[in-house]
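Take the sequence shown: its position 393, counted from the start at 1, is 399 in our numbering, and no numbers get skipped. For every residue, glycine included, the Cβ atom is placed at its ideal position computed from N, Cα and C.
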Amino acid sequence: MVMGSELVLGYQIKNLFMPTAIKITKSILTRVMPKLSLKIVRIEKRDGRVVPFDDEKIYSAIHKAFIAVRESDGKEVKILTDEIGSRLNQKFAGRVPRVEQIQDLVVETLYDKGYKDVADAYTEYRKKRQEIREAKYFLLYHNVKTNITENSFKVLESRYLRKDENGKVIETPQQLFRRIASNIAAAEKVYNPDLTDEDLFKFEEKFYRLLASLEFLPNSPTIMNAGTPMQQLSACFVIPVEDSMESIFDAVKGTAIIHKSGGGTGYSFSRLRPKGDIIKTTQGVSSGPVSFMTVFDKVADVVKQGGKRRGAMMGILKVDHPDILEFISAKTEEGILQNFNISVAITEEFMNAVKKGATYKLIHPKTMQPVKELDACEVFDKIVRLAWQTGDPGVVFIERMNNDRGNPTPKLGKIESTNPCGEQPLLPNEPCNLGSIDVNKMIKKKGNKYGVDWDKLRQTVQLSVRFLDNVIEMNRYPLPEIDTMGRGNRRIGLGIMGWADLLVNLEIPYNSKKAMELGDKLMGFINNESHKASIELAKNRGVFPNFRDSVYDKPGGERLRNCAITTIAPTGTIGIIAGCSQGIEPKFALAYVRKSRIAKNENEWAELVEVDKQFENVAKRVGFYSEKVMKEVARRGSVAHIEEVPEKWKKVFITAHDLKPEEHVKTQAVFQKHVDNAVSKTINFPSTATVDDVKKAYLLAWDTGCKGITIYRDESKSVQVLNLAKDDDGATAKLENKIGVVIDTNVRTEIETKDPSPSGELPPGVCLTCN
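Laid out in structure tokens, this is it:
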């Protein structure tokens, strides 16, 4: 209970706001840490799965050891089993012991109680079981091609592979994929309890091959947590923030719990009363939405995502909120709200006023009455100018987020916010789990050319939808209200990565008409096939529970298992693991310096110099590879002005900064046509771009049907993740030293973030979850 002078929090004296907020935040964080059970109820198997503890298995193993060396009526075995259970509960109270730790304790107890011969027999039994496991391991893993590169392994080792209490890696990439596959396949038993172990293993094997081939990967929380005690598998959450102290600090508490479990969060602060508004209960004045955002920002500082990184958040305010001008400028000073990406929720009324050069009304969120009028063009110009200056704010076109495909359950509420990277609009308390197909692995050779393997893509889409629906069943949601909404709507987000790599293999320039046509066809195909797959699942598993409150509940409506199905995420981190380009982004450059936080000290940056492997291979195959050409690529990052590179390949290897901003926007619009949710895409600008250039891009995004837009102008931040090589910083020399060295450079050794953008801002505001 907050008493006395602390009631001024958020309402009265500004300089008292943050200390009190921090004090309350720390108090809340202390209360939300989970209480531990004093009795063992689960154990962790060797493959990472967490299963119920069954002491009958201990009894059976000891009994086998007993009868191998002496007679037993079972009484001694029962006494020993009880003793081992007691020791386990004492030693591992509130923890989840590993199978190996339990077996070690069995041997220790047998020796302590004078059963040396039984202990030796049990040890021999363990040894034979290990030999059987190794033989099984060989059969399971060595017949599946896994393209894990050195850089992929670095990312897995840093963030995903299980470690013991001393930080030592105890899991291989193959075991990681088996852990995930086994855990997610277990959901099949929910819908078919009579499924045999053999049939269940078939599903596990399908999922394993899907993951180990790197043709599909789920979002980071699923990779990290499937088959572990955490078991929180969703990437994205939107937490409601109502205009009361109780609601605000319930949201703060929810944020702490979600970030602790590895999730990212989005909020709309549009319901909070404006700064200076009188509070009747205290006669104080409100400090407004921006001040409260600093409390959430502090939570993200304190609580790391899944114990890995500080959390990422999206903060959204409607353009007609009375505090909109303060919000637009909130991130002008670097370091303020550093864990937030911010976006303005733009309305159709506002955009129409911009087009007409008219004013629009600011609406009080409590009374819903107009309080002031502003010139729409001036507000729009301020948004654009600050985006040009700092990358923030982005914009979301909020009515489009609420169209029938994006919000098919409007009776449950309006979408007011998105996840941190902006591609996943969600209702209050709604979660979503994401997954992406590497479309560059969906190709086959036709003569001397590559083409899309549509049959393989269809099968991959079908299996990926099944996988993501199973994730919902296996998920352990962090809050009960999120569990209810997650299982009620069953929203998933299947998307793609590797788009730029695919175009290179097909020899199609990223900005060509042919690329736009292929993107239209490809995403249309994926959306169509994913909806078919959801309909098939519904025939056996039933439609999503909130179906009767949906736009689909009508004659001829699709009977779907999932309320929405497709999303295009940034895939920065899983793209590294898969060894492919990120999402639908172009290649950032053919050689560049990527800044990465050093794993042991997240406050330090390492510079990683990268050269594009596809370009190097084509240069050698076609015959324009030379030390001179590679040095020029190292210096420029682009081949646009290198004479030795044929015109065809200059067009094919076009990079992000070679593209015109409108070509970025048009690409996003093409994919958005066939996506239920939304699209994460960075609109890159050179450092020389003008404010007017950015304004044109924002207007084009509106005109072409995008659901939002985020831009990044090169060098507009003091630290950015990707940088073109420059002569004056020694990067060219580093790149030149790599000439002739075999480097796997399709994979990103950067493990923190996607390309810099306002909807995926630099660490610590990066969203690890949807990457």
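Chain-order list of residues whose beta-carbon lies under 8 Å from that of residue 634 (same chain, five-residue window excluded) = Close CB contacts of residue 634 within its chain, under the 8 Å cut and outside five residues either way in sequence, are with 650 (chain order).
Only counting runs of 4 or more residues, tell me where the alpha helix (DSSP H) segments fall wholly within the region 450 to 527, in order along the chain.
-> Whole alpha helix (DSSP H) segments, 4+ residues: 460 to 480, 486 to 495, 505 to 511.
Who are the Cβ neighbours of residue 551 in its own chain at under 6 Å, not counting the five residues just before and after it?
-> Excluding sequence neighbours, residue 551 sits near 494.
Any Cβ of chain D within less than 7 Å of the Cβ of residue 520?
-> No chain D appears in the structure shown, which is made up of a single protein chain.
Consult DSSP for residue 68 and reduce its assignment to one of helix, strand or coil.
-> Correct three-state label for residue 68: helix.
Does the beta-carbon of residue 444 have 16 or more other beta-carbons within 10 angstroms, so that it is buried, or is it exposed?
-> Buried.
What number of angstroms, rounded off, separates the C-alpha of residue 688 from the C-alpha of residue 715?
-> Between residue 688 and residue 715, the alpha-carbon positions lie close to 8 Å from each other.
Distance between beta carbons of residue 110 and residue 75, contact taken as under 8 Å = With a contact defined as Cβ atoms closer than 8 Å, residue 75 and residue 110 miss out at about 20 Å.
In angstroms, rounded to a whole number, what distance separates the CA positions of residue 304 and residue 349?
-> For residue 304 and residue 349, the distance between alpha carbons rounds to 19 Å.
Beta-carbon spacing of residue 475, residue 483 below 7 Å = No, the pair does not count as a contact, with Cβ atoms beyond the cut-off.
Is there contact between the region 185 to 196 and the region 212 to 220, where contact requires at least three CB pairs shorter than 8 Å?
-> The region 185 to 196 makes contact with the region 212 to 220; the number of CB pairs closer than 8 Å reaches 3 or more.
What is the rounded straight-line gap between the Cα of residue 153 and the Cα of residue 135?
-> Roughly 29 Å between the two C-alpha positions.
Looking at residue 317 and residue 346, is the spacing between their C-beta atoms short of 7 Å?
-> Their beta carbons are not under 7 Å apart, which means residue 346 does not touch residue 317 by this criterion.
Same chain, Cβ closer than 7 Å to residue 284, neighbours up to 5 away in sequence not counted = For residue 284, where only same-chain residues beyond five positions count, the Cβ hits under 7 Å are 291.
Are residue 331 and residue 299 touching if we call contact CB-CB under 7 Å?
-> Result no, Cβ atoms of residue 331 and residue 299 do not sit closer than 7 Å.
Where DSSP assigns a beta bridge to residue 566, which residues make up the other side?
-> DSSP, once it has assigned bridges, lists no residue as partnering residue 566.
Counting only the same chain and skipping the five closest in sequence on each side, list residues whose C-beta sits under 6 Å from that of residue 491.
-> Around residue 491: 435, 436.
Beta-carbon spacing of residue 275, residue 325 below 7 Å | No, they are not a contact pair.
Secondary structure, alpha helix (DSSP H): runs of 4+ residues fully inside the region 656 to 688 | Counting only runs of 4 or more, we get 667 to 678.
Please report how far the alpha carbon of residue 266 lies from the alpha carbon of residue 48, in whole angstroms.
-> One C-alpha to the other measures close to 21 Å.
What alpha helix (DSSP H) runs, 4 residues minimum, are completely inside the region 260 to 338?
-> With a minimum length of 4 residues, the continuous alpha helix (DSSP H) runs that stay inside the region 260 to 338 are 295 to 308, 330 to 334.
Contacting residues, own chain, Cβ-Cβ under 7 Å from residue 261 (five flanking each side not counted) = These residues qualify, in order along the chain: 245, 271, 302, 305.
Thinking C-beta only, is residue 206 closer than 7 Å to residue 182?
-> In this structure, the beta-carbon distance from residue 182 to residue 206 does not fall below 7 Å.
Helix, strand or coil: which one does DSSP assign to residue 205?
-> Three-state DSSP puts residue 205 in a helix.
Since I believe residue 113 is in contact with residue 129 (beta carbons under 8 Å), could you give me their beta-carbon distance rounded to a whole number of angstroms?
-> Contact holds; Cβ gap of about 6 Å.
Counting along the chain, where does the beta strand (DSSP E) carrying residue 347 start and finish?
-> From DSSP, the beta strand (DSSP E) with residue 347 extends over 346 to 352.
Among 405, 660, 682, the one whose alpha carbon lies nearest that of residue 534 = Nearest option by C-alpha distance: 682.
Consult DSSP for residue 644 and reduce its assignment to one of helix, strand or coil.
-> If DSSP states are grouped into helix, strand and coil, residue 644 belongs with coil.
Cβ shell of residue 530 (< 7 Å), same chain only, five flanking positions each side left out = 680.
For residue 374, is the classification buried or exposed, using 16 other Cβ atoms within 10 angstroms of its Cβ as the cut-off for buried?
-> Around the beta-carbon of residue 374, fewer than 16 other beta-carbon atoms lie within 10 Å, marking it exposed.
Sheet register partners of residue 169 (DSSP bridge) | Its beta-bridge partners are 175.
Taking Cβ to Cβ, would you say residue 587 is nearer than 7 Å to residue 459?
-> The Cβ atoms of residue 587 and residue 459 do not sit closer than 7 Å to each other.
Local Cβ density within 10 Å of residue 704, reported as buried at 16 or more and exposed below that | By the neighbour-count rule (16 or more Cβ atoms within 10 Å), residue 704 is buried.
Determine the contact status of residue 416 and residue 277, defining contact as a CB-CB distance below 7 Å.
-> Taking a C-beta distance under 7 Å as the contact criterion, residue 416 and residue 277 do not qualify as a contact pair.
Whole-angstrom distance between residue 220 and residue 231, CA atom to CA atom | Spanning the alpha carbons of residue 231 and residue 220 requires a straight line of approximately 18 Å.
Bridge partners of residue 366, per DSSP?
-> Looking at the DSSP output, residue 366 shares a beta bridge with 380.
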